[in-house]
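Here is the structure we will look at, set down as structure tokens.
Numbering (this note's numbering), first residue to last: 300 to 540.
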């Protein structure tokens, strides 16, 4: 298993952000999380990447335990947070060389050139990051997550704020990455998901085609269509009847 989550709970004060969550993701799978704001998606991703510890439970990534092997585990993971923190005053190539240096990569320039080509950043690589469109900023965020060639890629809301064309481009990039890596992403697009989480609990864990059939019954047929919180609550109601 690339990712194994066992009975994870996370409590902030008296509120459960995650409540006894368990799931497994095999090597080479692309798995999507769906849930409204505050459902626990980002919290789960931060725990998997060892950014924060769980209150209870265990997580293994590529056979490494978050409690005992967190430093080695982080080397196996590429992470794009929802905020996509970038240095807007740096040029694209300059920023990626900076990230490659943090990872102490050998032959930095060759690796940066490879990742620029892989993520389609070549047309914009001479611009400052602050001058890029939202879609290209997301590409830079994904590029920095991929620069050290991780086995697992964690993407928190990678398609948020993108127009339909940008969404298709980013989705194709993620699909390309999924050929060689395990990918876990969170999204508000119902037809991109396998695992549905609500109020800190998993309410559905199924193949994407099965969930797609249910979402299409609710009227979600276009692949770029996003769900509102009310529409997601209706889906959760149907799933838990």
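All C-beta atoms, glycine included, are put in the ideal place defined by N, C-alpha and C.
Quantities reported herein were computed from a predicted structural model and do not represent experimental measurements.
Cβ-based burial, residue i [other Cβ within 10 Å; buried from 16]
i, result
"residue 353", "buried"
"residue 443", "buried"
"residue 321", "exposed"
"residue 274", "Residue 274 falls outside the range modelled here, since the chain spans only 300 to 540, and no answer is possible."
"residue 342", "buried"
"residue 520", "In this prediction, residue 520 scores a pLDDT of 49, lower than 50, which makes its location untrustworthy; no coordinate-derived value is stated."
"residue 478", "exposed"
"residue 312", "exposed"
"residue 463", "exposed"
"residue 359", "buried"
"residue 449", "buried"
"residue 376", "buried"
"residue 400", "exposed"
"residue 539", "In this prediction, residue 539 scores a pLDDT of 48, lower than 50, which makes its location untrustworthy; no coordinate-derived value is stated."
Identified DSSP bridge partners for residue i
i, result
"residue 360", "302 and 363"
"residue 378", "453"
"residue 323", "303"
"residue 411", "Paired residue(s): none; residue 411 is not in a bridge."
"residue 317", "309"
"residue 390", "427"
"residue 480", "Paired residue(s): none; residue 480 is not in a bridge."
"residue 355", "308"
Cα-Cα separation, residue i to residue j
i, j, result
"residue 357", "residue 319", "10 Å"
"residue 328", "residue 480", "8 Å"
"residue 433", "residue 420", "13 Å"
"residue 467", "residue 473", "10 Å"
"residue 417", "residue 436", "15 Å"
"residue 370", "residue 308", "22 Å"
"residue 336", "residue 373", "26 Å"
"residue 300", "residue 393", "35 Å"
"residue 398", "residue 408", "11 Å"
"residue 475", "residue 465", "15 Å"
"residue 422", "residue 402", "25 Å"
"residue 326", "residue 361", "9 Å"
"residue 454", "residue 486", "9 Å"
"residue 310", "residue 324", "24 Å"
"residue 412", "residue 314", "45 Å"
"residue 368", "residue 304", "15 Å"
"residue 406", "residue 334", "40 Å"
Cβ-Cβ distance between residue i and residue j below 8 Å
i, j, result
"residue 483", "residue 302", "yes"
"residue 404", "residue 439", "no"
"residue 446", "residue 410", "yes"
"residue 332", "residue 340", "yes"
"residue 414", "residue 424", "no"
"residue 345", "residue 306", "no"
Residue-chain proximity (residue i, chain D), Cβ-Cβ < 8 Å
i, result
"residue 400", "Absence of chain D from the displayed structure is noted, only one protein chain being present."
Problem set entry | Given 8 Å, three or more beta-carbon pairs between the stretch 453 to 465 and the stretch 365 to 381 | Taking one beta carbon from each stretch, the stretch 453 to 465 and the stretch 365 to 381 have 3 or more pairs nearer than 8 Å; the two touch.
Problem set entry | Meets three-Cβ-pair contact criterion under 8 Å: the stretch 389 to 403 and the stretch 413 to 432 | yes
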